[in-house]
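With the sequence shown counted from 1, adding 21 to any position gets you the numbering used here.
For every residue, glycine included, the Cβ atom is placed at its ideal position computed from N, Cα and C.
Because the structure is a prediction, the values reported are computed rather than measured.
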Amino acid sequence: MNLGAAIKELRKERGLSQVELAQMAKTTQASLSQIEAGRRPKTETLKNISICLNVPEALLYIMGLEKKDIPKKNIDRYETLFPILKNMIKSLVIEDA
Numbered sequence: 022m023n024l025g026a027a028i029k030e031l032r033k034e035r036g037l038s039q040v041e042l043a044q045m046a047k048t049t050q051a052s053l054s055q056i057e058a059g060r061r062p063k064t065e066t067l068k069n070i071s072i073c074l075n076v077p078e079a080l081l082y083i084m085g086l087e088k089k090d091i092p093k094k095n096i097d098r099y100e101t102l103f104p105i106l107k108n109m110i111k112s113l114v115i116e117d118a
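Written as structure tokens, this is what we have:
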């Protein structure tokens, strides 16, 4: 998964369209579409997206890690820990009522 795919996954989990998230994050739908397709977002845009998705920026980076970014000796460890870490962070995030 890459950063854009992580954003897309979280956006869909929250039932948001690209247009809705883009408006909330103060960017355009076209820009969000490009980010979800793999373009690297500006720092401020990523910060806004993380706030709108109610997740820490770090989680987006962690979810966006690809196997090629991780040393081979650590892949098994990361594959085991990633779902645990993701669930831990999700449990800490307060969902809007």
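Asked                                                                                  : Found
S71 burial status per 10 Å Cβ neighbour count (16 or more: buried)                     : buried
Pair within 8 Å by beta-carbon distance, N69 and A46                                   : yes
Check whether A27 and G85 have beta carbons under 8 Å apart                            : yes
Run of the alpha helix (DSSP H) containing K29, from where it starts to where it stops : 24-34
Beta-carbon proximity list for A118, same chain, < 6 Å, skipping 5 on both sides       : Confidence at A118 is low in this model, with a pLDDT of 43, below 50, so the placement of that residue is unreliable and no value is reported for it.
Unbroken alpha helix (DSSP H) run spanning N69, endpoints                              : 64-74
T101, DSSP secondary structure in three states                                         : helix
Enclosing alpha helix (DSSP H) for S54 [first to last residue]                         : 50-57
Euclidean distance between Cα positions of P104 and A79                                : 15 Å
Neighbour-count burial assignment, V40, 16 or more Cβ in a 10 Å radius                 : exposed
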